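See below for the structure under consideration.
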Amino acid sequence: MSALLRRLFVVLIAWPVILVLIGIHVRHRERLPARGPAVIAANHNSHLDTLTLLSLFPLSIIPRVRPVAAADYFLSNRLLAWISTRLVGILPIARKARKIDPLLGCYGALERGEILIVFPEGSRGEPERLGELKTGIAHLAERHPEVPIVPVFMHGLGLALPRGEALLVPRFCDVYVGEAIRWTGERGSFMHALHTGLEQLGQQHRRARHREDGAP
Amino acid sequence: MSFEVPDNVRVALLAILAVLALASILVAAMVRARPERDYTELGLRVRTWWSIILVFCAAVAFDRTVSVWVLGFVSFLAFKEFLSLIPTRRADHRVLFWAYLAIPIQYYWVATAWYGMFIIFIPVYAFLFLAMRMVLIGETQGFLRAAGTLHWGLMTTVFGLSHMAYLTALPAAGNPNGGGDALLLYLVLLTEVNDIAQYISGKAFGRHKVIPKVSPKKTVEGLAGGVLTTTALAWALAPWLTPLTAPESIAAGLIIGLFGFAGDVTVSAVKRDIGVKDSGSMLPGHGGVLDRLDSLTYTAPLFLHFVRYLHY
Numbered sequence: 087m088s089a090l091l092r093r094l095f096v097v098l099i100a101w102p103v104i105l106v107l108i109g110i111h112v113r114h115r116e117r118l119p120a121r122g123p124a125v126i127a128a129n130h131n132s133h134l135d136t137l138t139l140l141s142l143f144p145l146s147i148i149p150r151v152r153p154v155a156a157a158d159y160f161l162s163n164r165l166l167a168w169i170s171t172r173l174v175g176i177l178p179i180a181r182k183a184r185k186i187d188p189l190l191g192c193y194g195a196l197e198r199g200e201i202l203i204v205f206p207e208g209s210r211g212e213p214e215r216l217g218e219l220k221t222g223i224a225h226l227a228e229r230h231p232e233v234p235i236v237p238v239f240m241h242g243l244g245l246a247l248p249r250g251e252a253l254l255v256p257r258f259c260d261v262y263v264g265e266a267i268r269w270t271g272e273r274g275s276f277m278h279a280l281h282t283g284l285e286q287l288g289q290q291h292r293r294a295r296h297r298e299d300g301a302p
Numbered sequence: 318m319s320f321e322v323p324d325n326v327r328v329a330l331l332a333i334l335a336v337l338a339l340a341s342i343l344v345a346a347m348v349r350a351r352p353e354r355d356y357t358e359l360g361l362r363v364r365t366w367w368s369i370i371l372v373f374c375a376a377v378a379f380d381r382t383v384s385v386w387v388l389g390f391v392s393f394l395a396f397k398e399f400l401s402l403i404p405t406r407r408a409d410h411r412v413l414f415w416a417y418l419a420i421p422i423q424y425y426w427v428a429t430a431w432y433g434m435f436i437i438f439i440p441v442y443a444f445l446f447l448a449m450r451m452v453l454i455g456e457t458q459g460f461l462r463a464a465g466t467l468h469w470g471l472m473t474t475v476f477g478l479s480h481m482a483y484l485t486a487l488p489a490a491g492n493p494n495g496g497g498d499a500l501l502l503y504l505v506l507l508t509e510v511n512d513i514a515q516y517i518s519g520k521a522f523g524r525h526k527v528i529p530k531v532s533p534k535k536t537v538e539g540l541a542g543g544v545l546t547t548t549a550l551a552w553a554l555a556p557w558l559t560p561l562t563a564p565e566s567i568a569a570g571l572i573i574g575l576f577g578f579a580g581d582v583t584v585s586a587v588k589r590d591i592g593v594k595d596s597g598s599m600l601p602g603h604g605g606v607l608d609r610l611d612s613l614t615y616t617a618p619l620f621l622h623f624v625r626y627l628h629y
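Protein sequence lines correspond, in order, to chains Z and X.
Plus 86 on top of the position in the first sequence (first one is 1) and you've got our numbering.
Plus 317 on top of the position in the second sequence (first one is 1) and you've got our numbering.
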């Protein structure tokens, strides 16, 4: 039942919004993991980011793709909580938990072979600017050194539906999938590798629009 | 919904599909004959032509309402691509939403064949309203540029392209040879043939550049070859698809040939101004939707008014 709801959500909401209204161009789709365990580490500017990433995966594995999201925001009322957990399939984490490891749910999901969607910037930042990355993802990688971490850079979604706006304004957006990185053995160098991975995808975007020929 | 395609339009569509099939076979043969050369780009381009023509067939195969909304969706794609290209101000988020709303409204006038409203809605009402809405937000930094670029986009991608759809709203009696569908096919076919003929004759004979600053690959020879081909085809097809007399059809061919070129280089100028090579990436091998519709932003309004003045 819950798997069906999640697929329906992707078919009826994510696909029409992302593929028809917005329109995305994906580079290096083949670098996306075909099965879990894996972590997608993406930049975060808009609520559309999660919909976009969900639209990249085939329906067959959608129930195993879990966006990691803040419990204090997405479980704040019953309707939002129902939508978040049943339709979007988020893995809620308690940002302010002190006593227990807030990432416990994530470890379990990776052990079950699921694909996590993580936004290492934490919250939605300034559009088109990569904010500082939080180190939670390094804890995940350290605990599961064999799991591939795939950086994904999205451009334009923060302009289509910016933070604080309820109106969606369609525009074409770009998605760049990077090469998977793995735990480097040390937190500093891992975070540096992830940051570089995302930065390079951003630079690739700035170069991508140039082509020589103009034939019909 | 109904399938009421005039016979001559059906034959023309089948002929186009046959030509395209021939092109596909030709590309496949070239790949086999010279495996050392890279024809990926050419293959992609032909394959995208298939999708474009199938969408076009879908647009005319059903009744007029379907045609109008399919073309409205094409306008939406073109306008979306334009807005994705130009720098927009954060403050104008809601204004852009209103600008999008102009698309279904404009195509509603087309669907109901209300010519008076169709012809003034974007140049007058949308023009005045959007600038006013921008002023209400109160951001004056870059106001003229923002209002100007937004309106330029609406005029070309929505107002201009909606003239294609309005051909189907003209009274059927004006064209005994297949009505509006036939005129639409005539316009789009000639405009696209013109693009292709200019490209091919430019590649074959091109030596003297027309406007090197805007589009370094456009040559006088290419332009001339395109206009000649287009005019000849316009003359040959006119008795079969349009109410135009022979001299009128030659004039129509010249208009489509010359102003198709103008539309093409105008969009090139926009791209050059922004600093991109392609308007987008929706059509593999071609670039963006605007890269394919650029000529039509000029030929559609000019052709509609030409035919309408003479025969309606």
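Yeah, the Cβ is synthetic: ideal placement off N, Cα and C, and Gly gets one too.
Bear in mind that the values here come from a model prediction, so they are computed numbers and not experimental data.
Chain-ordered, the chain X residues with CB closer than 7 angstroms to the CB of residue 256 (chain Z) read 397 and 417. Setting aside the 5 residues that flank it on each side, residue 443 (chain X) is surrounded in the same chain by 419 and 471, each with a C-beta closer than 7 angstroms to its C-beta; the list follows chain order. The beta carbon of residue 211 (chain Z) does not come within 8 angstroms of any beta carbon belonging to chain X, so the residue lies off that interface. Taking C-alpha positions only, residue 569 (chain X) is separated from residue 217 (chain Z) by approximately 56 angstroms.
A straight-line Cα-Cα distance of about 53 angstroms links residue 209 (chain Z) and residue 574 (chain X).
When DSSP states are grouped into helix, strand and coil, residue 442 (chain X) belongs to the helix group. DSSP places residue 260 (chain Z) in the uninterrupted beta strand (DSSP E) bounded by 259 to 263.
Around the beta carbon of residue 489 (chain X), a 10 Å sphere encloses fewer than 16 other beta carbons of the protein chains shown; the residue is thus reported as exposed. Rounded to the nearest whole angstrom, the CA to CA distance from residue 288 (chain Z) to residue 484 (chain X) is 44 angstroms.
With the rule of 3 Cβ pairs closer than 8 angstroms, the region 608 to 621 of chain X counts as touching the region 473 to 482 of chain X.
A contact is defined here as three or more CB-CB pairs under 8 angstroms, and the region 419 to 429 of chain X fails this definition with respect to the region 399 to 410 of chain X. Sequence-distant partners of residue 399 (chain X) (beyond 5 residues in either direction) whose C-beta falls short of 7 angstroms from its own C-beta, in its chain, are 470, 474 and 607. Along the region 372 to 402 of chain X, going in chain order, the ones with a CB nearer than 7 angstroms to a CB of chain Z are 397, 398, 400 and 401. Membership of residue 569 (chain X) in the alpha helix (DSSP H) is indicated by the continuous run 563 to 591.
A residue is called buried once 16 or more other Cβ atoms fall within 10 Å of its Cβ, and residue 461 (chain X), having fewer, is exposed.
Residue contact with chain X for residue 253 (chain Z): present (Cβ-Cβ distance below 8 angstroms to some residue of chain X). Restricting attention to Z:120, Z:156 and Z:175, the CA atom closest to the CA of residue 90 (chain Z) is found in Z:175. With contact defined as three or more Cβ pairs closer than 8 angstroms, the region 354 to 372 of chain X and the region 518 to 534 of chain X are not in contact.
Counting of Cβ neighbours within 10 angstroms places residue 546 (chain X) among the buried residues, the total reaching 16 or more.
Per DSSP, residue 178 (chain Z) lies in no alpha helix (DSSP H); the unbroken beta strand (DSSP E) holding it starts and ends at 177 to 179.
By the rule that beta-carbons nearer than 8 angstroms mark a contact, residue 133 (chain Z) does not touch chain X. The way I'd put it, the region 98 to 112 of chain Z does touch the region 242 to 260 of chain Z; three or more beta-carbon pairs between them come closer than 8 angstroms. Bounds of the alpha helix (DSSP H) holding residue 436 (chain X) are 432 to 437. Secondary-structure assignment with DSSP links residue 239 (chain Z) through a beta bridge to Z:262. Counting C-beta pairs closer than 8 angstroms gives three or more between the region 515 to 527 of chain X and the region 536 to 543 of chain X, which meets the contact rule. By the Cβ neighbour-count rule, residue 162 (chain Z) is exposed, with fewer than 16 other Cβ atoms within 10 Å of its own.
Per DSSP, residue 112 (chain Z) is one residue of the beta strand (DSSP E) stretching across 110 to 113.
In the three-state DSSP reduction, residue 354 (chain X) falls in the coil class, being neither helix nor strand. The Cβ atoms of residue 264 (chain Z) and residue 237 (chain Z) sit closer than 8 angstroms to each other.
Annotation: residue 212 (chain Z) to residue 250 (chain Z) spans about 11 angstroms, alpha carbon to alpha carbon. Annotation for residue 383 (chain X): the continuous alpha helix (DSSP H) segment containing it runs 381 to 402.
A distance of 8 angstroms or more separates the beta carbons of residue 280 (chain Z) and residue 188 (chain Z). Contact between the region 372 to 392 of chain X and the region 433 to 453 of chain X is absent: fewer than 3 CB-CB pairs across the two stretches fall below 8 angstroms. At least one CB of chain X lies nearer than 8 angstroms to the CB of residue 248 (chain Z). Among the CB atoms of chain X, one or more fall inside 8 angstroms of the CB of residue 109 (chain Z).
Looking at the DSSP output, residue 600 (chain X) sits in a beta bridge with X:604.
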